[in-house]
RNA sequence: GCGCUCGUAGCUCAAUUGGAUAGAGCAACGGACUUCGGAUCCGUAGGUUGUAGGUUCGACUCCUGUCGGGCGCACCA
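Numbering (our numbering), first residue to last: -3 to 524.
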């Protein structure tokens, strides 16, 4: 809708302009402040310019009126235009708002180490990533979701060792001395018991078996992570194993060398990341020949960029922000455009329950497990909270709020709006097909405004996606639900003179609610 | 100490990315049912956008200083 409006206006004005929504809908559906930016150039007052530009719009089928108010040019869309659009939307059903885009995007998120279950911090990045993915898909981007598995390096060895020691202590009943660093939490002990069942308790007898336990444990943990994700409706297309990439190290390393971006010092190999704003140069190969974590990420990003996407998005925990500079430097050194990589940081989350800090789970080893929170408030609520806030602010939420079934709980509120619409149709004994082609003309102002709000879904999605701010979708859904409830309270549908028209209007609202919810991973309720 | 980031109503968060009178929900108070399910709606109150400057037609948004919170500052991942 916005696109066609922009095109129509562009045809008249013949120049670039910003199209926005007026603060007050009574001014119009859209507005542009273009007269302000022209004021200097033309040496005239914005009000005058606005009025002159207005008169350039003769009578257009798209606009009911074009007015100049305080320097803004306001556009009011015609009923027929809105009706045509709504009819089209209702024919498209769940595909309303979908489009085609040329751009291909690789979206990487979660990528939690396969050494333990997902905790609540992972959940935020997970649902934001998944919703961006779903919205992007809907909008027609060629977007692919990917999970990078850190299955090489110390932490996997540490997992094996932790399992080994846990098995010796809890299964073989031996005394063990725990090292300073190991994975704690009851999930390790649970996992040791599973290891006993699958591999036999002999596995805990010889230290030689630690390597076997590492690999076995890592696979088990990955399964657990996948099932944690599936519980909130997240399924990845790609999994890329860090370990499997090391074959390509030589190739990546040679690229860096050729560009003279590495050097040897103290028996180690360094990368010149300071050249591109990093705080210091970084070691990529240690003096014993083992590559560092950064080496893995260099290969991984080399691998990503070889696949030739137009854009790359990584969602990382905010504690990794210091890492951005060196990865971007590496991408540049490999000969790619590092600006194609965009990193979204997901900030910390703290949970409350009844106003008190949420108790950490012993099972998790001082982390709050994502699965515990899902068990308590459900996937929909979990998703909704995290999607309602900008990712870059720290957030605090009380899970008790999401157990309430009233207007405190926004999902409930939105679902109720959707269910209400179904209820009205049921009461009227009609279906969407019955009213789809009824022309929406002669509606009162409230009805027209509601219709317009419902038709905004595609541009909200586009805006949310391109700014990577999914909270715009939840905000929109809350506002649309509120408009629906208000309308419902003030206007009787069933039995009214305009019954069919109003039913079509409600169908349109229901469609936008349903599609919007679907794209943030929540299924709209037909009945409460 | 350095770097990144955040600071908006009592609380949790928005604000069309520089636009018109900074908005929602909760909490508080007052209203609306012989109802298409009141699981809803309407109203009142609540703000010097941490703070001091600057940039311009116009600043919550950009710049500088400052105060406060968070996170980093590994050859761990």
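For each residue, glycine too, the CB sits at the ideal point set by N, CA and C.
Cβ shell of residue i (< 7 Å), same chain only, five flanking positions each side left out
| i | result |
| --- | --- |
| residue 426 | 499 |
| residue 235 | 143 and 145 |
| residue 96 | 136 |
| residue 72 | 24, 25, 59, 60 and 61 |
| residue 448 | 25 and 78 |
| residue 151 | 109 and 111 |
| residue 460 | 131, 466, 468 and 469 |
| residue 509 | 410, 413, 414, 473, 476, 477 and 520 |
First through last residue of the alpha helix (DSSP H) which encompasses residue i
| i | result |
| --- | --- |
| residue 302 | 289 to 302 |
| residue 59 | Element bounds for residue 59: not the alpha helix (DSSP H) but the beta strand (DSSP E), 59 to 65. |
| residue 485 | 467 to 486 |
| residue 253 | 245 to 254 |
| residue 495 | 495 to 515 |
| residue 7 | -2 to 9 |
Spatial neighbours of residue i in its chain, beta-carbon cut-off 6 Å, leaving aside the 5 residues before and after
| i | result |
| --- | --- |
| residue 381 | 393 |
| residue 301 | 332 |
| residue 288 | 279 and 280 |
| residue 52 | 8 |
| residue 307 | 101 and 336 |
| residue 172 | 161, 164 and 165 |
| residue 259 | 266 |
Residue i, enclosing beta strand (DSSP E) - first and last residue
| i | result |
| --- | --- |
| residue 264 | 264 to 267 |
| residue 32 | Residue 32 -> not in any beta strand (DSSP E); alpha helix (DSSP H) instead, spanning 30 to 38. |
| residue 140 | 138 to 145 |
| residue 463 | Segment: none, residue 463 is in no beta strand (DSSP E) and carries neither H nor E. |
| residue 73 | 68 to 73 |
| residue 281 | 278 to 281 |
| residue 337 | 337 to 342 |
| residue 259 | 258 to 261 |
Contact belief for residue i with residue j at Cβ below 8 Å, rounded distance in angstroms
| i | j | result |
| --- | --- | --- |
| residue 108 | residue 221 | 6 Å |
| residue 309 | residue 340 | 6 Å |
| residue 450 | residue 504 | 5 Å |
| residue 191 | residue 163 | 6 Å |
| residue 592 | residue 511 | Any question about residue 592 goes unanswered here, given that the chain covers just -3 to 524. |
| residue 385 | residue 378 | About 13 Å separates the two Cβ atoms, so there is no contact after all. |
| residue 141 | residue 517 | That belief does not hold up - the Cβ atoms of residue 141 and residue 517 are roughly 13 Å apart, past 8 Å. |
| residue 304 | residue 241 | Not really, about 17 Å apart at Cβ, beyond 8 Å. |
| residue 14 | residue 228 | Not really, about 37 Å apart at Cβ, beyond 8 Å. |
| residue 313 | residue 181 | Residue 313 to residue 181, Cβ: 19 Å. No contact. |
| residue 515 | residue 131 | 5 Å |
| residue 365 | residue 115 | 6 Å |
| residue 187 | residue 169 | The pair is not a contact, with the Cβ atoms about 18 Å apart (cut-off 8 Å). |
| residue 110 | residue 217 | 4 Å |
| residue 67 | residue 31 | 5 Å |
| residue 330 | residue 251 | 5 Å |
Three-way DSSP call (helix, strand, coil) for residue i in this model
| i | result |
| --- | --- |
| residue 307 | strand |
| residue 27 | strand |
| residue 353 | strand |
| residue 54 | coil |
| residue 81 | helix |
| residue 329 | helix |
| residue 364 | coil |
| residue 234 | strand |
| residue 229 | coil |
| residue 15 | coil |
| residue 492 | coil |
| residue 347 | strand |
| residue 318 | helix |
| residue 240 | helix |
| residue 100 | strand |
Own chain partners of residue i with C-beta closer than 8 Å, once the 5 adjacent residues on each side are dropped
| i | result |
| --- | --- |
| residue 445 | 21 and 479 |
| residue 407 | 376, 377, 380, 398 and 518 |
| residue 456 | 468, 469, 472 and 512 |
(request) Output the residue ranges of the alpha helix (DSSP H) runs that lie fully inside the segment 375 to 415 and measure 4 residues or longer, sorted by chain position. (result) 375 to 383
(message) Extract the residue ranges of the alpha helix (DSSP H) inside the segment 181 to 224, only unbroken runs of 4 or more that lie entirely within it.
(response) 182 to 195
(message) Quick check on the DSSP output: what are the complete beta strand (DSSP E) runs of length 3 or more inside the segment 421 to 445, in order along the chain?
(response) none
(request) Give, in chain order, every unbroken run of the beta strand (DSSP E) that is at least 3 residues long and sits entirely within the segment 102 to 176. (result) 138 to 145
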